[in-house]
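Q: I have a structure I would like to understand better, so I am pasting it below and will then ask my questions one at a time.
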Amino acid sequence: MVRPQDPARPAAGAPKNRTASGTAAAVTAAALIAAPALSAAAPAAAETADGADTLTVAASQPVDSLSPFLAQRLISTSIHRLAYDYLTNYDPETNETIPGLAESWKTSDDGLTWTYTIRDDATWSDGESVTAEDVAWTYTTMTEDESAATANGTFVANFEDVEAVDDSTVRIELKQPQATMLALDIPIVPEHIWKDIGDLGSFNNDEDFPIVGSGPFVITGHEPNQSITLEANEDYWRDPPEFDRLVFRYMPEQDAQVEALRAGEISFVSGLTPAQADALKDTEGVTVNTGDGKRFQGFTVNPGAATRDGEEFGDGHPALKDRVLRRAIMRALDKDEIVENVYGGYAQAADGYIPARYDTYHWTPRESQRLDFDPGAANRMLDEAGYERGDDGVRVSPDGDRLKLRMHVHNDRPDYVAMGKLMAERLGDIGIEIDNRTVDPGVLSDALHAGEYDLIFTGWTVNPDPDYVLGIHTCDALPSEPGTMRSDSYFCNEDYDRLYERQLATYDDPQARAETVERMQRILYEEAVVNVLTYADTLEAYRSDQIASIQVQPDPGGNIWGQDGHWSWSSAVPAADSQAGADVPVWALAGLGAVVLVAVGGGVYAMRRRAASAEDRE
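Here the sequence shown stands for residues -40 to -1, 1 to 578, numbered as in mature numbering (1 follows the signal peptide of the UniProt record, and there is no 0).
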């Protein structure tokens, strides 16, 4: 029986009547981080004028779109994790697949037919029941409308047919077996809301609030480039969130975020520098969390921008088409120096595309394959390939092109800014002059899509299943026309594409799939177009006098803010709730205003809606 909307329950975001038993259950939930004891003067979770416990989310990037079909920035897709359910989810402790909207599933012997049973206790926030028809409509729309596949099209490209057999059963027929059928990271949207929308490619889902969803929070307001508000969904089929409200507020300056955290005006900060994290450890009422890196930091090389049909565009340096030059660039960079000087040891030197956190798919090159720091070897490679040094020490290619390369770096990422300076110095040592363009993420994005760059910084958050981040480097990810790419490079390799299809089809042999993924990473490494430098630790801090407890993922060693689900924010317990019997007058909280929860997700590559790139997606 589908649970009906109960008009007697408070509206989303209204103050809850918290019981001792309900609070105790939340506090004792598995894998919560216990916060330090509250001091008598510590501020409790901020209450607004309506008495709601509020966390206001200050983000370093604004949302690009509130449409699940179009959104690609990390901040936007993270919000969608809170507002919409997915077919399956990830266990908050182990990252293993668990039920979401689908409470169970089965597959045919040949792996071509998947049947999911949709739970009967899920409702949309407007009271309508969530049914298999909503799932089928979402997926079918993505297969039939190219604009609806902008954000997550790789997941459904192999679908032959999707059918709602009845209200609680959806069946998906595949063209070939697909390993990601329990990791379809696609928000399910309500058919009754979306079916009458004409142009999905231009609809940003920001015209009518509240936005109808099925997740633990409901999007109730959006001020472009300023803030976005979500309120707790009291009718969520799992336990509803403890905080009444989240307000994501655009705050581009990280130093300002840290100072606001110190002042108690912000509840949570992510993407801290090592110096900031170390300093905050000594701040009363603040807890610092260090999680294993789930994203990589690096840069891509412009090997010659081209569309899928081979039409070249942009003005990338022609010498970068040479694999020898690209590999020499990698041999000139000291990753250990970056780890120590940029990240203060809060990182690992990296080679493979999949972070070490995911040991099933992580890859490291054998000794004979390594492109380790060796400027002598890099110089010899360039000498032998005919890159002669000019009178000023800058090399010239065999075709007579001076090796002066434009390097686009995010100006809103202190670690990237520092990394860019080190890279410019090291590349200068081998005769490559760097025009270090530390620019606004929007400028960087425009350069990428126009193909008007040489080196460009990148970084991706990797989900437990790596298919998405692997798929952005297939030839199919190239733009159909300039400005439409869904990658952060112009990489196209037929061997890589064959391996990508193989890993996708290997649904019944995890070890064989892992071996294929490792071979794909070797190709990326050896071609040196997509270059990984580090896996930086996730450095976060929160006001433990405002947040009593909060989930890390995975546990132990995980991060709070992430893209694996909604567990952190739906599990967070306000400090006021943890103070059984504490008498905290509302007037004492009024000066705090709205609490700001900083949720930058470790990267702020401000991309246009038209395509995902570094920092923006999984």
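All C-beta atoms in this analysis are idealised placements derived from N, C-alpha and C, irrespective of residue type, glycine included.
Roughly how many whole angstroms lie between the Cα atoms of P212 and H370?
A: Cα to Cα, P212 sits roughly 12 Å from H370.
Q: Could you spell out the range, first to last residue, of the beta strand (DSSP E) harbouring N519?
A: No beta strand (DSSP E) contains N519, which DSSP labels as neither H nor E.
Q: Can you tell me the Cα-Cα spacing of E225 and D168, whole angstroms?
A: Cα to Cα, E225 sits roughly 30 Å from D168.
Q: Taking the beta carbon of P439 as the centre, do at least 16 other beta carbons fall within 10 Å, making it buried, or is it exposed?
A: It is buried - the Cβ of P439 has at least 16 other Cβ atoms within 10 Å.
Q: Judging by CA-CA distance, which residue of I416, S64, I148 is the nearest neighbour of L42?
A: Comparing Cα-Cα distances from L42 to each of I416, S64, I148, the minimum goes to I148.
Q: V122 to I132, Cα distance in whole Å?
A: Rounded to whole angstroms, V122 to I132 spans 5 Å at the Cα level.
Q: Throw me the rounded Cβ distance for the F115 and T103 pair, which I believe falls under 8 Å.
A: F115 to T103, Cβ: 10 Å. No contact.
Q: By DSSP, does G251 sit in helix, in strand, or in coil?
A: If DSSP states are grouped into helix, strand and coil, G251 belongs with the strands.
Q: Using DSSP with H/G/I as helix, E/B as strand and the rest coil, what is Y99?
A: Reduced to three states, the DSSP call for Y99 is helix.
Q: Is it buried or exposed, G175, if we count other Cβ atoms within 10 angstroms and call 16 or more buried?
A: The residue in question, G175, is buried, as its Cβ has 16 or more Cβ neighbours within 10 Å.
Q: Where V356 and L285 are concerned, what is the direct C-alpha to C-alpha distance, given to the nearest angstrom?
A: Whole-angstrom Cα-Cα distance: 11 Å.
Q: Buried or exposed: H368, going by 16 or more other Cβ atoms within 10 Å of its Cβ?
A: The residue in question, H368, is buried, as its Cβ has 16 or more Cβ neighbours within 10 Å.
Q: Per DSSP, L47 forms a beta bridge with which residues?
A: L47 is not bridged to any residue.
Q: Taking the alpha carbon of G391 as the point to measure from, which residue in R349, E93, P358, P315 has its own alpha carbon closest?
A: Considering only alpha carbons, the answer is R349.
Q: Since V90 contacts T83 with CB under 8 Å, what's their CB separation in whole angstroms?
A: Sure, about 6 Å apart at Cβ, within 8 Å.
Q: For the candidate residues M445, T101, A307, whose alpha-carbon lies nearest to that of G158?
A: Checking every option, the nearest Cα to that of G158 belongs to T101.
Q: Which residues does DSSP pair with P59 in a beta bridge?
A: DSSP, once it has assigned bridges, lists T48 as partnering P59.
Q: How about I510 and A474: are their beta carbons less than 8 Å apart?
A: Contact: no.
Q: Can you find a heavy atom of the ligand MG that lies under 7 Å from the Cβ of V399?
A: With respect to the ligand MG, the structure shown offers nothing to examine, as it has no ligands at all.
Q: Taking the C-alpha atoms as reference points, what is the distance between G245 and L160?
A: Roughly 46 Å separates the two Cα atoms.
Q: Could you check the C-alpha separation between residue 579 and E393 for me, to the nearest Å?
A: The shown model of the chain, from -40 to 578, leaves out residue 579, and the question about it has no answer.
Q: Compare the C-alpha of K295 against each of L363, R268, A378 and name the closest.
A: When only C-alpha atoms are compared, the closest one is A378.
Q: Would you mind sorting V125 into buried or exposed? The rule is 16 or more other CB atoms within 10 Å of its CB.
A: By the 10 Å Cβ count, V125 comes out exposed.
Q: State the CB to CB distance for the pair G253 and Y495, rounded to an integer number of angstroms; the pair is presumed to be in contact (CB under 8 Å).
A: Right, their Cβ atoms sit about 4 Å apart.
Q: Leaving out five residues before and five after P234 in sequence, what residues of the same chain have Cβ atoms less than 8 Å from its Cβ?
A: Here the set comprises Y303, G304, G305, Y306, L499.
Q: Would you check if the distance between the CB atom of L26 and the CB atom of H182 is smaller than 8 Å?
A: Going by C-beta atoms, L26 is nearer than 8 Å to H182.
Q: Look at the alpha carbon of S530 and the alpha carbon of G173, and state the distance between them as a whole number of angstroms.
A: Looking at the two C-alpha atoms, the distance is approximately 15 Å.
Q: Pick helix, strand or coil for D242, following the three-state DSSP scheme.
A: If DSSP states are grouped into helix, strand and coil, D242 belongs with coil.
Q: Return the Cβ separation of S85 and P170 in integer angstroms, given the expectation that the two are a contact with Cβ distance under 8 Å.
A: Right, the Cβ-Cβ distance comes to about 7 Å (below 8 Å), so this counts as a contact.
Q: Identify whether D395 lies in helix, strand or coil by the three-state DSSP scheme.
A: It is a strand residue.
Q: Hey, how far is the Cα of N453 from the Cα of T267?
A: About 14 Å.
Q: Can you grab the Cα-Cα spacing for the pair F208 / V512, in whole Å?
A: C-alpha separation (whole angstroms): 20 Å.
Q: Is Y428 helix, strand or coil when you go by DSSP?
A: Note: Y428 maps to helix in three-state DSSP.
Q: According to DSSP, simplified to helix, strand and coil, what is Q513?
A: Correct three-state label for Q513: strand.
Q: Just reading off the beta strand (DSSP E) that W420 is part of, what are its end residues?
A: It spans 415 to 421 - the beta strand (DSSP E) in which W420 sits, taken as one unbroken run.
Q: Helix or strand or just coil, what does DSSP make of K135?
A: K135: coil per DSSP, three-state reduction.
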